[in-house]
Each structure stands twice: as C-alpha cells, then as structure tokens.
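**Q**
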Amino acid sequence: MPNKTFQTNDAVEEQGSDFNYREILDAVILHWHWFAISIVGCLFIAFLYLRYKAPVYSTGAEVLIKEEDPYKSRMQGSALADFSQLGILTNSNGFDNEVEILSSKTLARRAVTNLKLYVRYAFDGTVRDEELYRTSPILADMSSVDLDTLSMPVFLEIKPLQEGGYHIEGEALEERFEADVKTLPVRVKTLSGWVSLRPNPDPTCVFDDRALRIYIYRPTIMAEAFLEATSIEPISKMTTIARITKNDTQRQRAEDYMNELIRVYNEDANEVKNEVALKTEAFVNKRIKIIDAELGTTESDLEMYKKKNQLVDLMSDAEAAYKGIENYQTQQIELQTQMLLVKSLKEYVENPTNYMEVIPANLGLTDQGLNSIIAEYNAKVVDRKRLLKTAPESSPVVVSATNAIASLYPGIRHSLSTVYDNLRVQKRNVDEQYDLFVGRLSNAPTQERVLSDIGRQQSVKAALYQILLQKREENAISLASTVDKAQVIDAPESTIRPISPKKKLVALIALVMGVAIPAGLIYVLNLLRYRIEGRNDIEKLTDLAVLSDIFVAGELKDGKRAIVVRENTNDIMEETFRSLRTNLGFVMKKSEKVLLCTSVISGEGKTFVSTNLAMSMALMGRKVLVVGLDIRKPRLAKLFGLVTGHHGLTTYLAGEDSSDEFLREQVFNSGMHANLDVLPAGLIPPNPGELITSERLDDAFARFREWYDMVIVDTPPVGLVSDTLLLGRLADATLIVCRCDYSLKRNFNIVNTIHQEGKLPKMNLVLNGVDLQQRKYGYYYGYGNYGRYGRYGSYGSYGGYGNYGGYGKETHTGKSKSRHGSSRYLREDHFDDKD
C-alpha cells in the first residue's frame, strides 16, 4: 500500500524540506526552558569571563631595515620588479634574513634579560591577581648563573608585618620555604639559588593590604613567551619596512620590550658591521708600531754613518743622472711599498688563525682586482658571522655561506701571489734602470752611495708610515660614523582599547553555546530513543499510512476508563475517534465490513481502540459488533461489565449447534448503546489455534456480515502469537495499533514483514497514547480550543499474556482491581442471559 497520510483537524503534516524546520522549531518550543536556562547560564559565564579576564592590548611599531648597498638593491629591484609583481620572485634575500634575526630567540632573550622581564609581580586578588609592571614595591632578581639553570619557576609571596619587616614564603623546586626579614635589601636562599630582594626606589610604589606575589622564570622561557606574542612581518613585498606587533596585558611592558628589541638588534648589527673596521684598526696599529721601530733604526744608521765618515753635506754629480736616479728611486719606493703591503696581507691570509676572518682592507693597494675580491670575501665573512648568531654551523644556510667563503679563499691567496710576483718583475725592471743611472755616478764617492741607500730606505719606511697613519684616521672616522641598521619609523604605540577579550564576540559565542548545548542534548537524547514518540518516527520506520492519532484520555471516573466515547458528548476523544472513523471510510469500501484490530505486543491499546471505534460507529447509527478473538486472554466481557457465564465465541466454536439462535445467544448488547453488540471470547479453550482455523468461525463471520454494518475484531498481538495472521482470511482491513513512549522501533520490522508478505489485508496504523501535556522532541499536537487533556492511564496494559511467549508480567501502572474488579460500567442484573 502506498505511503499515504491523512490530514486531520488536530495534526497537519508538512511536506518537503520545511518539515525539518518545523520539527526543529517544535523541539525549541517544547524545551524552551532548557534553552532559556542555558542561554542565561552561558551569558552569565561570559559576563564573569569579561569581568575577570585581563584585557589584552596590541602594541605596534614600524622599522626600516637599511641595506648595505642601496644602489645594488635598487638595480636588483628595478630588474626584478616585473617578476615580483607576477609572484615569480619576491624581495627575500637580505631583508628576510634580517626579519629572521629580529625574530630570533637570542635577541628576545637579551631584551628580556636587559629589562628583567623574567620577573613577574602581582598583588593577590580574590579571583584574578592584579599584575604589576614598574609599580611593584619590592624588586626581585637572581644571578645569571642561577637563572640559566632554573628548571621550574621560583614563587615568593611577601606580606608586610604590622610590627615592621616582611614575612616571606614561597616555593622552589616543589619545596616550600618561609622567612621573616626586618629590612631590605636582603637575600633569600632557595633550592634554585639566592633571590635578591630590594625596595623599589620609586616612593609611589607601596604595599596595600594585599600580599605581593613574585614569579621568577628562566629568561629563555620568557623569551619564548614574548616571541609567541610578537609578530614581525614586512608591510609589502617591495619594501624593507617591517611591522612589529605584540599583544600584552601591560601596554608599557610591550612598548619597553619592543624598544629594547630594536636597540639590541642595532647593537648586534653594528657590532657585526664594524668587525672589518676593528680588524683593520688592529692590523694598522700593529704595522705602525713595526714601521716606527724600523724608521728609528734607519735614522740611527744614517746618523752613525755621518759621524763615522765626518760627513756634513751630500755631493751630487751630474744633474741629469741624479734626476734619473731620483725618478726611478721614487718608483722603487712605490713598488717596494706595494710589495710590503702585499707581503703583509699574504702572511695574514696564510695564518691559519685568520681563516674565516675578515681581511684588512683599504690599505692603499693599487691593484683594483685584488681590492675587489678582498671586499667580496669580507662581505661574505660578515654575513656568515651574522648567521652564526642565530643558527648553528650545521645549518644549511651557514654551511652554504662557509662553502662560498672557502671557494674564494684560494683565489685570494693566488691573487696575492700573482700581484706580488708582478710587483717583483716591475721592481726588477726599475732596479735595472736605477743601476744604469747609478753607474753614471761610478766616480762619486762611496759615501754618497751609502747615504743614498740609507736615505732610500728611510724614504720607503716614512712613506709607508704616512700611509698607515692616514688609514688609521680613515678607519676611525668609519667607526665613528656607523649608523643603526634599523631606523624606527613609527615608535612603539599601544592601542587605547583592548583587542581581547572582544565583548561582542564573547557574548555572541555565549549565545551560540547557550543554544548549542541544549540543542546538542536534544540531539543526543533523540539518538538514544528506542521507542516511538510521534508520527514522525513512524513515517521513518514504515510506509504504512497512519489513519489517526489517538490522544491520551483525561480525568475519567473509575470504571469508565477504557470507554471514552459516549453518547451526547463532544470532547477531544470523541473527535479523535470520529476522525479515525472518517479516515477508515477512505480505506474500506461500503461492502467491506470486517476490521481486524491488533498490535505487535501487549499493552499498545488495541482493545481500547477497537471498543471506542465501535462505539463511535454505533453513535452514527450503524449496527456494530465487537468480536473478542483474543481467546487466549479474553478481556471484552470484563471491559463492558458483562456477566457471560459459559457464553462466548469459544462456546459456539467448540459446540455442534450451527443455528442462528445458538450463535445469537453468544452475543450481548454492550450496555453502552443499542447499536453496539459484543461477542466476548468466552471460556479459554485448551486448543485456541484449532478453533480459530475451524470452518464454524468462517460460517459465523459470514452471518455477521449479514447482521451488522461493521464487525470489529479484537485480536491477539501479532508479534506474540500467530492467531491474528490466521484471522486475516476473515477480514477486509487491518488496524495496527502502536503507542507513543511504549512501542519499540524495532517492532516495525515485524509490521513491515507482514505487510510485504501480504499476510493481513489493507494494513494501516493508528498512533495511540499521544500526550498533549508532554510534547517530546519536537512533536507538537494541538486541537482547536480544547486545551490540554490529561492521561487516560494505562489502558491496554492488561497484564501478562497467558503462558505464551513469557508475557506473564503485568505492565500497567494502575491496579487491576480498580480497573476490572469493582469498576464495571454495568451491573450483572442489567443483562438478560437469554438475549
């Protein structure tokens, strides 16, 4: 049978995707108090969080990282601009290295150590401690050796004493300590080392009535914490300007840290930048000292020679010869000076201790090729030293720099040798020319030649001495004119308003959580449900149509609990069964008169539905018979208050009389309405299965079709015994009764199997026990202006089911005596046994 649902006045099914939204809305309405409590609770927690959470501020600064060779950078930038815009290349080279250095743990640790940020101060608070920066009345510190070996923070709590002094207690390496001191400064011994305490020199920093808490951390740990809260990024790909941002609860602390970080960065960069100049200064000073001593020796020799030979003035021979000598002598001086410089550099380079060190530059060498390769070598050495400050020698970047330097080193040595050899060749040529002119003075006195030699040596050393003095002054000027590598463009400045916590965001999250928590709880509870709780569950479990929803009957008098449809009433139960009666008319044709009413298990209300449906049909003037074919556990007679004696269906089936009179003797008027008759099951037979399959039962139902407009058969549960399946041959349609909060979802496998195999005719469902007061998991039922109706109790939960299938335990909530013993609707003397 196709999936078909009937629209009633009290339940309208929504189709399509809107159904899910309606189900969600119903769940929210049903559990509105859950959502209200959750939202209020989450908002209250958010209020407490905002009340006691320390505000976090953002501090920012911008610095320009200056490049070593701006002209080279501009040329590269111009050549690669198009590629950079296309994203093929970026301005990474030196600037990225500087950003990494600025972000290094080494610089952060130096900044933290210089500012003593590894010590935290706070006044004791009820919920949250009040952190102090620069305002602590007492300052604490430890030696650098102890700080570097701290494995756990050192904690101190200091309270001023009324009689003067301070009470100190704390913990170090999980061991408590305490002491009383009268004055400060003082040193406190702990397992982690000595802690020095001194008063804050600022007179405005004083104690209040709260204790002062001091936490001393390892500087490396605090440096890592500061690095995590700090970000350094370029403002664009085409500039060397970096944006430094730090988040902190103390604005002044963040500004101080950023200023100190920039300062130590410049200090480190200047130290590396000046290393070449410092090496050159040491080399020049050493050479000046040596040349000064040699020059003094030459002057002494000249003085001694003149005294020995009693010379007062020099004689000159031919003017032309002397000028030639003077010219080549000048060249000899220049060449010898260059050879001495090259030789000194060669000795410096070949010294193993100077390997991977900068080579003195700007000494006056005339060979530009040698000057160029020395400058390139020094630049790479400086870069390697800077990298070593933030990376180990095994780092790929450092290894690459080392290999580059090593590849240049042999070239420098070769260039020095080549230049020196060239100078020797030039000097040999000059010496030959010089000797030629000297030969012209062969007749000059020997003394003049000696004086000339001494004078030449003196001139060479004096010229070299002057060069070295000039280079020393130039180097000193270079050191004095060193500028910082990082230029502050925007000084560190903190935001006025905190960036965290964000009140609107926290409130929004609290609101979302307030909705999500009950929604998740409802979802989990919905997943854990194993009983049906509404029509939605049924539609997910089977394709059978639900003809009607039977609501829980309300506040009925004892004895009338099961029959809720009565004459001259118009309540919700009357309308409910009227709706079922109407929908049943769409299922059964006019010629179809026999309706089976069953359920899967006992207690789902099949007898309640069958009897009240019969009463509803009788009220519309139809002649109705209710047949109790639950002969294993008969109940109809007790339900209607009938005293049947030995009369009943089993009496007819077990007998031999097939007359109409004998069959009519087994039928009783219900006492509820003239059009409603009842055929009780009668005595419980020993062979119910054989009686149900007998031809006398078929013959009896054939006559019932002639006598009545509708025959409603109350059958055993289809999931417990097979009797109902055997009765399918007699019926035209079948009602399967299921009950809210009672019927198991897995039982619909039985219903679907019976439906697929066609064992019962025209199977349809009736949802029983719908409670208007307890709407669960989004199931919402309303009915006009009837309001809310209470339960009708535990109808249908009529105890065990004989000895079949182990259903011997009663499951109803009321007492059987109050339902079936003294609560009869009609007394015994209201019936005539002959009717």
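In the numbering used here, the protein residues as written are 12 to 846. Note that beta-carbon positions come from the ideal geometry of N, C-alpha and C, so glycine has one too.
(1) Give, in chain order, every unbroken run of the beta strand (DSSP E) that is at least 3 residues long and sits entirely within the region 462-506.
(2) Are the Cβ atoms of ALA692 and GLY659 separated by less than 7 Å?
(3) Scan the region 681-710 and note each continuous beta strand (DSSP E) run of 3 residues or more that stays entirely inside, going in chain order.
(4) Quick check on SER154: buried or exposed, where buried means 16 or more other Cβ atoms within 10 Å of its Cβ?
(5) Counting only C-beta atoms, is VAL449 closer than 7 Å to chain C at any point?
(6) Just to confirm the assignment, what range does the beta strand (DSSP E) spanning ARG209 have?
(7) GLY307: buried (16+ other C-beta within 10 angstroms of its C-beta) or exposed?
(8) Does the distance from the C-beta atom of TYR719 to that of LYS634 stay below 7 Å?
(9) Cα separation between HIS42 and VAL526?
(10) With a threshold of 6 Å, establish whether the CB of THR348 neighbours any heavy atom of the ligand PLP.
(11) Any idea what DSSP makes of TYR68, helix, strand or coil?
(12) The beta strand (DSSP E) with CYS53 in it runs from where to where?
(13) Does the beta-carbon distance from ILE344 to VAL471 come in below 7 Å?
(14) For SER114, which residues in the same chain have their Cβ closer than 8 Å to its Cβ, ignoring the five residues on either side in sequence?
(15) Are VAL110 and ALA253 touching if we call contact CB-CB under 7 Å?
(16) From LYS396 to VAL409, what distance separates their C-alpha atoms?
(17) Helix, strand or coil: which one does DSSP assign to LYS604?
(18) So, at 8 Å on beta carbons, what are the nonlocal neighbours of LEU738 in its own chain, with the 5 sequence-adjacent residues on each side left out?
(19) Could you check the C-alpha separation between LEU208 and ALA402 for me, to the nearest Å?
(20) Taking only runs of the alpha helix (DSSP H) that begin and end inside the region 222-293, which ones reach a length of at least 4 residues, in chain order?
(21) Could you check what DSSP says for ALA856 in three-state terms: helix, strand or coil?
(22) Spatial neighbours of THR661 within its chain, please: C-beta separation below 7 Å, excluding the five flanking residues on both sides.
(23) Under 7 Å Cβ to Cβ from GLY335, same chain only, skipping five residues before and after it: list those, please.
(24) Grouping DSSP H, G and I as helix and E and B as strand, with all else coil, what is HIS178?
(25) What span of residues does the alpha helix (DSSP H) with LYS649 cover, start to end?
(26) Between the region 150-167 and the region 204-218, do at least 3 Cβ pairs fall closer than 8 Å?
(27) Which of helix, strand or coil does DSSP assign to PHE562?
(28) Three or more beta-carbon pairs under 8 Å between the region 35-51 and the region 484-501, yes or no?
(29) My understanding is that THR735 touches THR609, with C-beta atoms under 8 Å, so please give their C-beta distance in whole angstroms.
(30) Less than 7 Å between C-beta atoms, sequence neighbours within five positions excluded: which residues of the same chain meet that for THR124?
(31) Between LEU374 and SER355, what straight-line distance do the alpha-carbon atoms span, to the nearest angstrom?
(32) Suppose you measure from the CA of TYR68 to the CA of LEU419; what does that come to, to the nearest Å?
(33) Taking contact to mean at least 3 C-beta pairs separated by less than 8 Å, is the region 553-564 in contact with the region 660-674?
(34) Given that a residue counts as buried once 16 or more other Cβ atoms are within 10 Å of its Cβ, and exposed if not, what is VAL620?
(35) Measuring alpha carbon to alpha carbon, tell me which residue in THR309, ALA119, ASN338, ILE747 is nearest GLY908.
(36) Can you tell me which of MET315, LEU172, PRO212, GLU180 puts its alpha carbon nearest to the alpha carbon of ASP220?
**A** Taking the geometry as given:
(1) 497-505
(2) yes
(3) 687-690
(4) exposed
(5) In the displayed structure, chain C is absent; only one protein chain is listed.
(6) 204-210
(7) exposed
(8) yes
(9) 11 Å
(10) For the structure depicted, the ligand PLP is absent and the ligand set is empty, with no information on it obtainable.
(11) strand
(12) It is not in any beta strand (DSSP E) - CYS53 instead sits in the alpha helix (DSSP H) that spans 43-63.
(13) yes
(14) LEU238, THR241, ILE243
(15) yes
(16) 9 Å
(17) coil
(18) LEU607, LEU640, ILE703, VAL724, THR726
(19) 36 Å
(20) 230-239, 262-284
(21) Beyond the ends of the chain as shown, which are 12 and 846, falls residue 856; an answer cannot be given.
(22) ILE642, ALA692, GLY693, LEU694, PRO696, LEU702
(23) PHE448
(24) strand
(25) 647-651
(26) yes
(27) strand
(28) no
(29) 5 Å
(30) PRO230
(31) 11 Å
(32) 50 Å
(33) no
(34) buried
(35) As shown, the chain starts at 12 and ends at 846. That puts residue 908 outside it, with no answer to give.
(36) LEU172
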